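Residue numbers (my numbering): 387 to 1183.
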Amino acid sequence: MENQNERGATSEAYDGKWQGEGKNILPKVKQLQPVKEWQSGEGTDYLLTETNKITKGKYPNPVRIWEGEPYPIGNGRIAASVFNGSGRDRFALADMSFWSGGQNKGVINSKGDKSYNGEDGPEATAEQFGGQQPIGDLIVDFHAPAEKGTFIREIRLDEGMVYSACRRKGITIQTTAFCSYPDQVMVVHYKADRPKSLNCRLSFATQRPEDSALSTAQELILNCRLKNGMEEQTKVQVLHSDGEVIAHTDYMELKNITDFTLLVIQETNYAMDYTHAFRGKRAAERVNERVNALQGKSYRELYERHRADYSSLFNRVAFNICTDQEKFSTVPTPERLAAYRQNPNDRGLEETLFNFSRYLMICTSRPGALPAGLQGIWNGMIHAPWGNDYHSNINMQMVYWLPEVGNLSECHLPLIDYLYAMREPNKEATREYLKAINDSKANDSDGWIVYTSHNPFGGNGWQVNLPGSAWYGLHIWEHFAFTEDTVYLKQKAYPMLKELSEYWKAHLKRLGQGGAGFMSNYKPVDISQYPELKNVKEGTLVVPTGWSPEHGPRGEDGVTHDQQIVKELFLNTIKAARIVGENPQWIAELEQIVNNMYTPQIGRKGNLMEWMIDRDPETDHRHTSHLFGVYPGSTISVEHTPRLAEAAKKSLLFRKNSGDSHRSWAWVWRSCLWSRLAEEERAHEMLEKLITYNMLDNLFTTHHIPLQIDGNYGLGAAMIEMLVQSDGQTIRLLPALSKKWPDGSVKGIKARGNITVNMKWEKGKVTSWQLLSPSPKKIKLFVNGAYKQVETQKLPN
């Protein structure tokens, strides 16, 4: 993934300038001055203006858009946005656990919403919600601009690293950067083509005046501490072949060196442990442990260990739909993207985006770390959009649609481990919520709910989202459905699924005949005014006081989104209960509840009704919440519920592709929905619109204005959904193959039942296929328009 950028990517002294092109347009960065002085862009108006320009493929001043210019590296815990520049390189350091705020002990009102004023900056206390904080920027300053026409940078997706090269004063300098998972360190390597020709300065810059930097003979150290007690320390060590390193008060000078390596060790004092207030060892202590573990390791050894680890994940899958990828190999990514917006026929770019999706997943979600947020783990702002928090009404879920189908199952674990660790604070928050709404079962509730936004401390922010935890239940189940790991199911998954189901067993609401007792806007309604309620039977069960994110009335019973999610939870819990040997009576009770739940109806315009009341379905609203049962759920399908599937199609058509729908994740969800509904050209069209309207020049996706990375992850899942679909009983090959992908191949895709799928196709027809599993099993296969019973082959060791 290449980006030859003639304007450069430097953010300070040589901002887009090249040797001989005039004076520097910005002063050099002073030590530890606020980043705002040289990287503005936190204001909405500024972002609107600049993002509109950059999404048209122009680079008027790209370095002022931290989201759209750098290339990302990461290892699931630590990360950096890499700005390779004309005169200096900048590495915007990040760690998902470096958060301000805490459990947000705000007051809950009678509707169940907690007071929340968006306190997401570094000043947020442990009693507030907070937000992810950028650590700071490591700057490598060469004091000289690059020669015009010599700059190149790229992400090497097959190696998990960012590479750049340029020529300064006749010297060619090559740079590689990656974050190692095995060694938990960021590694940056510089190499010149002439001996002893590298001269530069290393320094830090941050946006918090209380941060401090110091330099010793061996190390450059940054110390950060937030008002909630969170600590962060970054230590940079220099491995060099020759020359000298000179320590100053708060920066280092490197002189007359042929090649050098920076080892960047980052640690916080966060621990995913509610019983210890989410605090662990001191950051400095952890850093020293990392430093000791790195002793004696060379750049080559670190690189080889990193590449072996990264490749073991990335190389599991191969996706090919382009036969002329080579002809694009030297075209800068922004130019390629701009051309696609005019004529979306670059299959190679789509192939690259698929692999970029998997690259980002490996970079942001690895076992032992927190899950990825709305911006992954990259953040350059002390007031990040939405605090880079966790959103439970589509966003966090979409981030994790890819791992199972994309054969990156272990990358799903950070979400599941996070949910498991947050059970107790969530139960506490649930009891507080139930007391606030005067629920008589507040003190004996076993399960837990979540709010729309939540954080790494078990804190909740914006608006209660009653079925959000049940939606997370789908992820808990899916990890088992794809891996068939019964130890995981018994020890972790089933206890959570049962808790969630117990909550909804106790809190569903019974309606009377004709919908008696139905509420909207938290108030009883005159049911005689709504003939669509007349067929509601006595004892029908509904999710109470819900909302169809993020529009329409709140406090309404039986919202389609809520009904589908809770039903999906019950169905998966029943399957899990049978496997673990649960009490048959408890299973029977859950089955009876499912039978009594209200089923969404078809409206007067032939659409799937979003609410029990038949409201006008025509809107350009971004969410398609009422179609959860199509995707990612499984209760509506073309094969098993054709009438509801047809109504879902009409609902999706009524959700216009204009205005508010221009959100990266909205396009992705609609693509997945169209795939499940066997509308292959519409599925591909949604991906075209994502690339056209909501993608920055470094291929990050946006929520109209700011970076929102769920679209990147979801894009990979959406492409797989066009190629392979499964439900545990049947596997469908090419269920929604666009005519724009007539020929291709894929290997390593996963289907439910722990089955690996390899196949090739030509002219839209499968020409060869292979189904692999740990032990042979019989499965129903749909291929080239026909069903057949087949037996999988044993997966090679």
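Glycine residues also receive a C-beta, built at the ideal position from the N, C-alpha and C atoms. Owing to the predicted nature of the structure, the values given are computational and were not obtained by experimental measurement.
- Per the DSSP secondary-structure output, residue 522 pairs in a beta bridge with 479.
- Separation of residue 1040 and residue 564 (C-alpha to C-alpha, rounded to the nearest whole angstrom) is 45 Å.
- With fewer than 16 neighbouring CB atoms inside 10 Å of its own CB, residue 1026 falls in the exposed class.
- Exclusion of the five residues before and after residue 891 leaves 975, 976 and 979 as the residues of its chain whose Cβ lies within less than 8 Å of its Cβ.
- A straight-line Cα-Cα distance of about 11 Å links residue 1020 and residue 955.
- Residue 961: member of the alpha helix (DSSP H) spanning 946–966, first to last residue.
- Beta-bridge analysis with DSSP links residue 547 to 542.
- Per DSSP, reduced to three states, the secondary structure at residue 854 is helical.
- One thing to note: residue 485 has its Cβ within 9 Å of the Cβ of residue 616.
- At the C-beta level, residue 749 and residue 461 come within 9 Å of one another.
- The beta carbons of residue 784 and residue 776 sit no closer together than 9 Å.
- Per DSSP, reduced to three states, the secondary structure at residue 907 is coil, with no helix or strand assignment.
- Excluding the 5 residues flanking it on each side, residue 998 has same chain C-beta neighbours closer than 6 Å at 944, in chain order.
- Here residue 1100 carries a helix assignment [DSSP, helix/strand/coil].
- By alpha-carbon distance to residue 477, the top candidate from 569, 575, 600 and 534 is 575.
- Distance from the CA of residue 534 to the CA of residue 853, rounded to the nearest whole angstrom, comes to 56 Å.
- Taking C-alpha positions only, residue 757 is separated from residue 455 by approximately 24 Å.
- Residue 837 sits in a strand when the DSSP states are folded into three classes.
- Comparing alpha-carbon positions, the option among 1139, 1155 and 1183 lying closest to residue 1163 turns out to be 1139.
- In the displayed model, residue 673 falls within a helix according to three-state DSSP.
- Looking only at 763, 695 and 732, the smallest Cα-Cα distance to residue 712 is reached by 732.
- Residue state for residue 527 is assigned as strand, using DSSP reduced to three classes.
- Secondary structure at residue 894: coil, using DSSP grouped into helix, strand and coil.
- Residue 1135: member of the beta strand (DSSP E) spanning 1130–1137, first to last residue.
- Where residue 1117 is concerned, the enclosing beta strand (DSSP E) starts and stops at 1116–1119.
- Between the C-alpha atoms of residue 886 and residue 812 there is a straight-line separation of about 11 Å.
- Ranked by how close their Cα comes to the Cα of residue 1160, the residues 1136, 1168, 516 and 1148 have 1136 in first place.
- A direct Cα-Cα distance of roughly 35 Å separates residue 618 from residue 791.
- Residue pairing for residue 639: DSSP places it in a beta bridge opposite 587 and 632.
- For residue 938, the enclosing beta strand (DSSP E) has its first and last residue at 937–942.
- For residue 1028, the closest of 1055, 1049, 1062 and 1003 by C-alpha to C-alpha distance is 1062.
- For the pair residue 772 and residue 517, the CB atoms are nearer than the 9 Å cut-off.
- Look at residue 1147 here: in three-state DSSP terms it is strand.
- Note that the region 834–851 does not touch the region 895–904; fewer than 3 beta-carbon pairs, one per stretch, sit closer than 8 Å.
- Taking the CA atoms as reference points, residue 917 sits about 54 Å from residue 704.
- Closest in C-alpha terms to residue 585, from the list 545, 626, 808 and 1156, comes 626.
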